[in-house]
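Chemist: Numbering-wise, numbering that gives the first Met the number 0 puts 400 at position 401 of the sequence shown, and it's gapless, one number per residue.
Below is one structure. I have some questions about it.
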Amino acid sequence: MLETSKELFERAKQSIPGGVNSPARAFNSVGGSPVFMEKAEGSILTDVDGKEYIDYVGSWGPMILGHAYEPVIEAVQETAAKSTSFGAPTELEVKMAELVKRMVPGVDKIRMVNSGTEACMSAIRVARGYTGRDKVIKFQGNYHGHGDSFLINAGSGALTLGTPSSPGVTEGTANDTLTADYNDLNSVKQLLNEFEDEVAAIIVEPVAGNMGCIPPQKGFLSGLRELCNGHDVVLIFDEVMTGFRVAQGGAQQRYGVTADLVTYGKIIGAGLPVGAFGGKEEIMQVVSPDGPVYQAGTLSGNPLAMIAGYTLLSELHENPVHYDELEEKTTYLYTGLSEVFTDYDVPVHLNRVGSMLGFFFTEEEVVNFETANTTDQELFKAFFHAMLKNGIYLPPSPFESLFLANSLTKEMLDQTLDAAGASIEQALNK
Ligand code: PMP
């Protein structure tokens with residue numbers, strides 16, 4: 000099993016750091032060799048050895064309607080024939096910005112970039128330029144990409160690898176990043192009081208997806224909104240995971256709280272490299288060339304990336320039934336998994352928001368970084384590998400969310416639940 004993947008991984012390690020181009024892929028927290036993929040269609044992945052898997056990673060979020068979604072593929076092919084980049088404006092960029100504005104609340108202006116990292120880095124710079132302040136509050140276990148300011152107590156791959164605070168980040172940058180506890184408004188209040196008039200922004204994953212899936216508790220997001228209003232701080236929702244996923248208008252719409260700036264990634268590019276940041280006119284007008292805060296990109300607004308994102312977002316906008324179907328499917332999996340784990344007397348806590356799902360092997364209610372860390376990582380490892388063997392591709396870390404796609408069928412979900420029963424039994428008997 001996985002013979003070609005193993006060979007490729009050995010080869011990759013000779014030429015690529017750790018054999019991968021992004022650490023979350025490396026299977027570090029579950030051990031073993033990552034699976035190299037050959038192709039995918041809908042919710043079925045095929046690896047280089049010809050083995051098929053039902054996919055719950057969805058390229059970490061973008062594939063909300065499944066892989067190789069035909070309208071996207073056709074649109075990309077047609078657009079590519081007219082050139083892959085101009086370095087000059089196109090109508091497509093205007094249409095994309097207009098569509099995002101129609102879909103999400105609170106966005107007057109939006110700038111396209113090439114990744115979620117860039118979107119978050121840029122949003123922070125804009126908040127600093129707008130307020131004239133330096134410090135930023137983030138939450139322990141939240142991940143906002145690999146910009147220097149964010150690699151302090153970060154989640155995702157940084158958490159998985161046990162290096163949530165990275166070497167290479169200067170002390171000055173580290174000192175400007177303050178860390179609060181997720182779902183704990185008091186920890187935010189304390190920082191705002193201690194650093195009165197010094198905080199430019201609070202950046203938050205409105206649903207945390209980088210320490211497993213952790214929903215905001217009632218009043219948390221609206222409480223942040225009030226605190227930001229009271230202290231003239233820019234509220235940034237990092238909707239790289241939640242944008243166009245937990246609702247058409249993202250977490251802003253789902254929870255009825257409007258941020259000052261929002262960042263996007265993943266779905267907005269339908270699997271091509273895109274990110275975006277946007278928000279209120281008053282703040283966005285500081286962005287170059289309108290204002291003094293510099294931000295740029297040779298390939299930003301790239302036609303292939305734009306047509307892919309535009310085609311996917313248009314489908315979601317025109318047929319919101321996708322969201323109802325995703326809710327139903329994810330609830331079905333959530334309920335089924337709870338039953339399977341309960342049948343085997345495994346302590347488990349499951350969280351779900353829309354089509355994001357996380358399970359933690361713990362007795363605790365998981366509401367923040369500390370409680371997420373009570374999950375039984377050894378059991379997760381064994382369960383993950385058993386599922387993989389049984390043809391189910393889960394995120395290779397106990398601290399990542401599952402992303403469901405609407406290409407999943409009831410048969411696939413039932414097959415997944417059967418595999419979960421067999422896999423937990425195998426994991427417990429290891
Ligand atoms: N913010 C969040 C919430 C993310 O989940 C991620 C990536 N998983 C990022 C930012 C960074 O995005 P990218 O990997 O595209 O740079």
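For every residue, glycine included, the Cβ atom is placed at its ideal position computed from N, Cα and C.
Below 6 angstroms, is the gap between the Cβ of Asp237 and the nearest heavy atom of the ligand PMP?
Modeler: On the sequence shown, position 238 is the one that residue 237 refers to. Correct: Asp237 has its Cβ closer than 6 angstroms to the ligand PMP.
Chemist: Closest to Phe149 by C-alpha separation, out of Gly131, Gly171, Thr130 and Tyr129, would be which residue?
Modeler: Here the question's residue 149 lines up with position 150 in the sequence shown. The residue with the shortest Cα to Cα distance from Phe149 is Gly171.
Chemist: Would you identify the three-state DSSP class for Glu37, choosing helix, strand or coil?
Modeler: Position 38 of the sequence shown holds residue 37. DSSP places Glu37 in strand when its eight states are reduced to three.
Chemist: Should Ala179 and Leu190 be called a contact, given that it needs their Cβ atoms to be closer than 7 angstroms?
Modeler: On the sequence shown, position 180 is the one that residue 179 refers to. On the sequence shown, position 191 is the one that residue 190 refers to. Yes, Cβ-Cβ distance for Ala179 and Leu190 is below 7 angstroms.
Chemist: Could you tell me which of Asn113, Glu37, Thr408 and Leu226 sits nearest to Ala275, measuring between CA atoms?
Modeler: As a first step, residue 275 must be located in the sequence shown, where it is residue number 276. Of Asn113, Glu37, Thr408 and Leu226, the residue nearest in Cα terms is Asn113.
Chemist: At the level of alpha carbons, what is the spacing between Ile266 and Lys5?
Modeler: Residue numbering aside, residue 266 sits at position 267 when the sequence shown is read from its first letter. Residue numbering aside, residue 5 sits at position 6 when the sequence shown is read from its first letter. Cα to Cα, Ile266 sits roughly 30 angstroms from Lys5.
Chemist: Rounding to the nearest angstrom, what Cα-Cα distance links Asn405 and Gly131 in this structure?
Modeler: What you label residue 405 is simply residue 406 of the sequence shown in a count that begins at 1. What you label residue 131 is simply residue 132 of the sequence shown in a count that begins at 1. Approximately 44 angstroms, taken between the alpha carbons.
Chemist: If I'm right that Glu201 touches Val187 with Cβ under 8 angstroms, what's the distance once you round it to whole angstroms?
Modeler: By 1-based counting over the sequence shown, the position of residue 201 is 202. By 1-based counting over the sequence shown, the position of residue 187 is 188. For clarity, residue 201 is Ile in the given sequence; the question names Glu instead. That belief holds up - the Cβ atoms of Ile201 and Val187 are roughly 7 angstroms apart, short of 8 angstroms.
Chemist: Pull up the CB-CB distance for Val233 and Tyr309, whole angstroms please, since I reckon it's below 8 angstroms.
Modeler: Looking up residue 233 in the sequence shown gives position 234. Looking up residue 309 in the sequence shown gives position 310. The pair is not a contact, with the Cβ atoms about 28 angstroms apart (cut-off 8 angstroms).
Chemist: Excluding the five sequence neighbours on either side, which residues of its own chain have a C-beta within less than 6 angstroms of the C-beta of Tyr254, listed in chain order?
Modeler: Residue mapping note: residue 254 aligns to position 255 of the sequence shown, counting from 1. Once the five neighbours on either side are set aside, the close Cβ partners of Tyr254 are Leu220.
Chemist: Provide the residue span of the alpha helix (DSSP H) that contains Lys409, from first to last.
Modeler: Taking the sequence shown and counting its residues from 1, the one referred to as residue 409 is at position 410. Where Lys409 is concerned, the enclosing alpha helix (DSSP H) stretches over Lys409 to Leu427.
Chemist: Would you check if the distance between the CB atom of Asp231 and the CB atom of Thr262 is smaller than 7 angstroms?
Modeler: As a working note, residue 231 is residue 232 in the sequence shown. As a working note, residue 262 is residue 263 in the sequence shown. The answer is no: Cβ separation not under 7 angstroms.
Chemist: Does the structure place the region 222 to 230 close enough to the region 94 to 114 that three or more beta carbon pairs sit under 8 angstroms?
Modeler: Output reads no: the region 222 to 230 does not touch the region 94 to 114.
Chemist: Is Thr78 near the ligand PMP, with its Cβ less than 6 angstroms from a heavy atom?
Modeler: For the purposes of this step, residue 78 is taken as residue 79 along the sequence shown, with counting starting at 1. No.
Chemist: State the beta-bridge partners of Ile282 as determined by DSSP.
Modeler: Your numbering for residue 282 matches position 283 in the sequence shown. Partner(s): none; Ile282 has no beta bridge.
Chemist: Which value, in whole angstroms, describes the spacing of the CA atoms of Thr330 and Lys380?
Modeler: Locating residue 330 in the sequence shown gives position 331, where the first residue counts as 1. Locating residue 380 in the sequence shown gives position 381, where the first residue counts as 1. If you take the alpha carbons of Thr330 and Lys380, they lie about 24 angstroms apart.
Chemist: I'd like to know whether the C-beta atoms of Val19 and Pro395 end up nearer to each other than 7 angstroms.
Modeler: Translated into the one-based positions of the sequence shown, residue 19 becomes position 20. Translated into the one-based positions of the sequence shown, residue 395 becomes position 396. Not in contact: Val19 and Pro395 (Cβ atoms no closer than 7 angstroms).
Chemist: How would you call Gly140, buried or exposed, if buried means at least 16 neighbouring beta carbons within 10 angstroms?
Modeler: Locating residue 140 in the sequence shown gives position 141, counting from the first residue. With 16 or more other Cβ atoms within 10 Å, it is buried.
Chemist: Which residue wins for smallest C-alpha separation from Val198, given the options Asp375, Trp59 and Ile235?
Modeler: Numbered from 1 along the sequence shown, position 199 holds the residue referred to as residue 198. Per the Cα distances, Ile235.
Chemist: Distance check for Lys328 and Met36, CA to CA, integer angstroms please.
Modeler: Locating residue 36 in the sequence shown gives position 37, where the first residue counts as 1. Locating residue 328 in the sequence shown gives position 329, where the first residue counts as 1. Each residue's alpha carbon lies about 25 angstroms from the other.
Chemist: For Lys50, decide whether its Cβ has a neighbour in chain C, counting only Cβ atoms nearer than 7 angstroms.
Modeler: Judged by its chain identifiers, the structure shown contains no chain C, having just a single protein chain.
Chemist: Any chance the CB of Thr330 is under 6 angstroms from a heavy atom of the ligand PMP?
Modeler: Numbered from its first residue, the sequence shown carries residue 330 at position 331. Answer for Thr330: no, Cβ out of range of the ligand PMP.
Chemist: Starting from the Cα of Lys134, find the closest Cα among Glu195, Ser58 and Leu315 and give me that residue.
Modeler: Taking the sequence shown and counting its residues from 1, one reaches residue 134 at position 135. It is Glu195 whose Cα lies nearest to the Cα of Lys134.
Chemist: Mind checking which residues open and close the alpha helix (DSSP H) that includes Thr310?
Modeler: Translated into positions along the sequence shown, residue 310 becomes position 311. Element bounds for Thr310: Pro302 to Glu317.
Chemist: Evaluate Gln76 with the Cβ neighbour count: other Cβ atoms within 10 Å of its Cβ, from every protein chain shown; 16 or more gives buried, anything less gives exposed.
Modeler: Here residue 76 is taken as the residue at index 77 of the sequence shown, counted from 1. Gln76 should be labelled exposed.
Chemist: Should the region 330 to 345 be called in touch with the region 356 to 368, which here means at least 3 C-beta pairs below 8 angstroms?
Modeler: Yes, the region 330 to 345 is in contact with the region 356 to 368.
Chemist: Considering only residues of the same chain and omitting the five flanking positions on each side of Lys94, which have a CB-CB separation below 7 angstroms?
Modeler: Position 95 of the sequence shown, counted from the start, is the residue given in the question as residue 94. The residues are Tyr309.
Chemist: Would you kindly work out how many angstroms separate the C-alpha atoms of Lys176 and Asp375, rounded to a whole number?
Modeler: As a first step, residue 176 is located in the sequence shown; it is residue number 177 there, counting from the start. As a first step, residue 375 is located in the sequence shown; it is residue number 376 there, counting from the start. It is Thr, not Lys, that sits at residue 176 in the sequence shown. Looking at the two C-alpha atoms, the distance is approximately 30 angstroms.
Chemist: Distance check for Val273 and Glu281, CA to CA, integer angstroms please.
Modeler: Residue mapping note: residue 281 aligns to position 282 of the sequence shown, counting from 1. Residue mapping note: residue 273 aligns to position 274 of the sequence shown, counting from 1. Approximately 24 angstroms between the Cα atoms of the pair.
Chemist: Round the Cβ separation of Thr78 and Ile306 to the nearest angstrom and send it over; I've been treating them as touching at under 8 angstroms.
Modeler: On the sequence shown, position 79 is the one that residue 78 refers to. On the sequence shown, position 307 is the one that residue 306 refers to. So it is a contact: roughly 4 angstroms between Cβ atoms.
Chemist: Within its chain, find whatever has a CB closer than 7 angstroms to the CB of Gly41; leave out the 5 residues flanking it on each side and keep chain order.
Modeler: As a working note, residue 41 is residue 42 in the sequence shown. Only Gly65, His66 and Ser406 meet the Cβ criterion.
Chemist: Could you work out which residue in Met120, Leu412 and Ala426 is closest to Tyr52 when comparing CA atoms only?
Modeler: Here residue 52 refers to the residue found at position 53 when the sequence shown is read from its first residue. Ranking Met120, Leu412 and Ala426 by Cα distance to Tyr52 puts Leu412 first.
Chemist: As an exercise, report each continuous beta strand (DSSP E) stretch of at least 3 residues that is fully enclosed by the region 80 to 130, in chain order.
Modeler: Runs of the beta strand (DSSP E) inside the region 80 to 130: 108 to 112.
Chemist: Does Gly49 pass the burial test, meaning 16 or more other C-beta atoms within 10 Å, or should it be called exposed?
Modeler: Taking the sequence shown and counting its residues from 1, one reaches residue 49 at position 50. The residue is exposed, with fewer than 16 neighbouring Cβ atoms inside 10 Å.
Chemist: Tell me which residue opens and which closes the alpha helix (DSSP H) that Leu332 is part of.
Modeler: As a first step, residue 332 must be located in the sequence shown, where it is residue number 333. Leu332 -> alpha helix (DSSP H) spans Val320 to Asp342.
Chemist: In the DSSP assignment, what are the bridge partners of Asp237?
Modeler: The residue given as residue 237 occupies position 238 in the sequence shown. The partner list for Asp237 (beta bridge, DSSP) reads Thr262.
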